[in-house]
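Heads up: the sequence shown begins at 10 in my numbering, then just goes up one per residue. This report refers to the structure that appears directly beneath it.
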Amino acid sequence: MVHLKLPAISAVSCAVFLLIGGSVHAQSKTGSSHEMQMRLESLSQELDEQRKLLAHLESFRQQYFEQRTLLNSLERQVAQQQTALDELRGVASWDTLAAQRGAGKVGEPEQIAQAQPQEAKPVGKAASTEGRPPEVAPLFEQPGVLTPKGHYVLEPSVQYGYSSSNRVALVGYTIIPALLIGLIDVREVKRNTVTAALSARLGVTNRLELEVRAPYVYRTDATVSRDVNIPGSAEGVFSANGMNIGDVEFGARYQLNDGGVDTPYYLGTLRYKTRTGTDPFEVVTDCSQRCVGTNVTGTGLPLDLPTGSGFNSLQVGMTVLYPSDPAVFFGSLTYTHNFSRDNVNRKILNGQEEFLGTIAPGDIIGFNFGMGLALNEKASFSIGYDHSSVGATRQDGVVVPGSVRTQLGTLLLGYSYRLSQKTSLNVSVGAGLTRDTPDVSLTVRLPMTF
């Protein structure tokens, strides 16, 4: 019985073991499948998140390229606008008033700031917002707006001046009145002067301009007088003329700031005048021995007329241009120093010379102001006033008898017409308001920009 029960128990045990083992194996397999499913779902979620992230990155990348393209376009536009602005920017100057003023002939009108190739003080376009002074119809001989960088301006000009005075020496070419009066009683002097000049201006930068001016002068004087040694003598006319190159001038102008609408432009000017023209001491004077003092013989008048002042000079100045649509207001202040000459001799008749010593002409303080108005896109008009105060001349440190401080005042009207994009025609008329200023002057200029 024992032997029969053991196999039966073993069989039952095996069956139970197999049943339990199969159940455990089934449960293990089911758990592993569940974990796998959860893991797959987790990976799927991560992939979805990564896809979304990639989509965002692609969107950002696309936006970046679009913004970069826009930025490049804006940078190009800014560069083009800056280039255009640099091309438009410029600055200015004005020539002068007389043969020893550091810019022309004393007593002759200066030019008002003009714009384009710039000369003289302005009357042209209404207020400018491009960093360069506005254009103005020139009155004075110096420009207002500088020549753009890399460009140059050639300006031929012709000026006519007429004056009538009861003094032998007007402030101008002859600046030593008492030294030139001999044995005559001067009643009246009629003087005609024609000056043809060629000016060249170069734009070194958009703010700096250099200039050179070479004039050629033709003059005639008719002096009505009588002999002081012959009571009741009839009046006679003493005529003389002269023509030669005038005093060559060199100038520089610098624009100090960027002006604009309701903001003034400030321009600094520097001008040096040589004495290349025939000076008063080089021409022969109608005296046999002496022209002043005792033993005076002759009229004391020059047989040929000088075409230069006879002295080097240096002029510094400041110009202000104030645009106020549709007008432009302008003004300037200048100071001219005339350098003295030592051991000066004057030529007289028979090849002789008269020793004069050290001659020092007076310095000049000048100012001018005016207003310019644009009539249309091509034409502009300006009106201004120019004034200079010329100091007395000294000989060997002593004021020359009869030499006093002289005031020169000129009323100026100017008109400018743009013939083409590069050429303008400028006309100005000056009327003398003081005794020693030329009665009338007419100037025509034709600036051409290259």
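All C-beta atoms in this analysis are idealised placements derived from N, C-alpha and C, irrespective of residue type, glycine included.
Starting from the C-beta of Val221, find all residues in its chain whose C-beta is less than 6 Å away, skip the five residues before and the five after it, and write them out in chain order.
Stepping through the sequence shown from its first residue, residue 221 is reached at position 212. Same-chain partners within the cutoff: Ala209, Phe259.
For Phe374 and Ser333, I'd like the C-alpha separation in whole angstroms.
The sequence position of residue 374 within the sequence shown is 365, counting from 1. The sequence position of residue 333 within the sequence shown is 324, counting from 1. The sequence given here places Ile at residue 374; Phe does not occur at that position. Going by the C-alpha atoms only, they are around 28 Å apart.
Bridge-paired residues (DSSP) for Leu217
Taking the first residue of the sequence shown as position 1, residue 217 is located at position 208. Paired residue(s): Tyr263.
Decide if the stretch 333-343 is in contact with the stretch 355-362; the criterion is three or more beta carbon pairs, one per stretch, under 8 Å apart.
no
Assign Glu291 to one of three DSSP states: helix, strand, or coil.
By 1-based counting over the sequence shown, the position of residue 291 is 282. Coil, per DSSP.
For Arg454 and Asp295, what's the separation of their Cα atoms in angstroms?
Numbered from 1 along the sequence shown, position 445 holds the residue referred to as residue 454. Numbered from 1 along the sequence shown, position 286 holds the residue referred to as residue 295. Computed Cα separation, rounded: 37 Å.
Would you mind sorting Met45 into buried or exposed? The rule is 16 or more other CB atoms within 10 Å of its CB.
Within the sequence shown, numbered from 1, the residue matching residue 45 stands at position 36. The residue in question, Met45, is exposed, as its Cβ has fewer than 16 Cβ neighbours within 10 Å.
Determine the DSSP secondary structure at Gln46, reduced to helix, strand or coil.
As a position in the sequence shown, residue 46 is number 37, starting the count at 1. DSSP places Gln46 in helix when its eight states are reduced to three.
Through-space distance from Arg200 to Asp445, alpha-carbon basis
Residue 445 sits at position 436 when you count from the first residue of the sequence shown. Residue 200 sits at position 191 when you count from the first residue of the sequence shown. Distance between the alpha carbons of Asp445 and Arg200: 12 Å.
First and last residue of the uninterrupted beta strand (DSSP E) at His346:
Within the sequence shown, numbered from 1, the residue matching residue 346 stands at position 337. 336-347 is the extent of the beta strand (DSSP E) around His346.
So which of Gly255, Asn81, Ser248, Gln71 has the shortest CA-CA distance to Ala472?
There is simply no residue 472 to check, as the chain begins at 10 and stops at 459 in what is shown.
For Tyr394 and Leu467, believed in contact at Cβ under 8 Å, the rounded distance:
Here the chain comprises residues numbered 10 to 459, so residue 467 is not present and cannot be evaluated.
Under three-state DSSP, which class holds Thr78?
Counting from one through the sequence shown, the residue named residue 78 turns up at place 69. When secondary structure is reduced to three states using DSSP, Thr78 falls in the helix class.
DSSP-derived helix/strand/coil call for His450
Here residue 450 corresponds to residue number 441 of the sequence shown, with the count starting at 1. The amino acid at residue 450 is misidentified as His; the sequence shows Ser. The answer is strand: DSSP assigns Ser450 an E or B state.
Local conformation of Ala401 per DSSP, three classes
Here the question's residue 401 lines up with position 392 in the sequence shown. Ala401 falls in the coil class under three-state DSSP.
With distance defined between alpha-carbon atoms, name the residue in Gly319, Ser341, Gln416, Ala388 nearest to Ala369.
Taking the sequence shown and counting its residues from 1, the one referred to as residue 369 is at position 360. Of the listed residues, the one whose Cα sits closest to Ala369 is Gly319.
Delimiting residues of the beta strand (DSSP E) encompassing Gly375:
On the sequence shown, position 366 is the one that residue 375 refers to. Start and end: 373-383.
By Cβ distance below 6 Å, which residues in the same chain neighbour Leu451 in space, the five residues on each side in sequence not counted?
Taking the first residue of the sequence shown as position 1, residue 451 is located at position 442. Same-chain partners within the cutoff: Tyr169, Val438.
For Leu163, the first and last residue of its enclosing beta strand (DSSP E)
Taking the sequence shown and counting its residues from 1, the one referred to as residue 163 is at position 154. Taken as a continuous stretch (DSSP letters only), the beta strand (DSSP E) holding Leu163 covers 161-174.
Distance, Val213 Cα to Ser68 Cα:
By 1-based counting over the sequence shown, the position of residue 68 is 59. By 1-based counting over the sequence shown, the position of residue 213 is 204. When rounded, the distance between both Cα atoms is 51 Å.
Let's test the definition: count the other Cβ atoms within 10 Å of the Cβ of Gln404 and tell me whether it reaches 16, buried, or not, exposed.
To locate residue 404, count along the sequence shown from 1; it is residue 395. When all chains shown are included, Gln404 counts as buried.
Val233 versus Ala88, Ser248, Val226, residue with shortest Cα-Cα distance:
The residue you call residue 233 lines up with position 224 of the sequence shown. Per the Cα distances, Ser248.
Counting beta carbon pairs with one atom in the stretch 423-435 and one in the stretch 381-399, are three or more of them shorter than 8 Å?
yes
Under three-state DSSP, which class holds Leu63?
Against the sequence shown, residue 63 aligns to sequence position 54. Helix.
Out of curiosity, what's the CA-to-CA distance linking Leu265 and Pro311?
Here residue 265 corresponds to residue number 256 of the sequence shown, with the count starting at 1. Here residue 311 corresponds to residue number 302 of the sequence shown, with the count starting at 1. Whole-angstrom Cα-Cα distance: 45 Å.
Which of the three DSSP states is assigned to Asn321 in this structure?
Taking the first residue of the sequence shown as 1, we reach residue 321 at position 312. Three-state DSSP puts Asn321 in coil, outside helix and strand.
Residue of Val329, Phe459, Gly340, Leu358 minimising C-alpha distance to Gly309:
Translated into positions along the sequence shown, residue 309 becomes position 300. Nearest C-alpha to Gly309: Leu358.
Contact set for Phe459: own chain, Cβ-Cβ below 8 Å, skip 5 residues either direction
In the sequence shown, the residue the question calls residue 459 occupies position 450. Around Phe459: His160, Tyr161, Val162, Leu163, Lys431.
I need the DSSP call for Gly360, collapsed to helix, strand or coil.
In the sequence shown, the residue the question calls residue 360 occupies position 351. For Gly360, the three-state secondary structure derived from DSSP is helix.
Using the Cα positions of Met457 and Leu217, report the straight-line distance between them to the nearest angstrom.
Working through the sequence shown from its first residue, we reach residue 457 at position 448. Working through the sequence shown from its first residue, we reach residue 217 at position 208. Cα to Cα, the separation comes out at about 18 Å.
Under the three-state DSSP convention, the category Met457 falls into
On the sequence shown, position 448 is the one that residue 457 refers to. In the structure shown, Met457 sits in a strand (DSSP, three-state: E or B).
CA-CA distance, Gly286 and Thr345?
In the sequence shown, the residue the question calls residue 286 occupies position 277. In the sequence shown, the residue the question calls residue 345 occupies position 336. In a straight line, the C-alpha of Gly286 is about 18 Å away from that of Thr345.
CA-CA distance, Asp267 and Asn352?
Here the question's residue 267 lines up with position 258 in the sequence shown. Here the question's residue 352 lines up with position 343 in the sequence shown. So the alpha carbons of these two residues sit roughly 48 Å apart.
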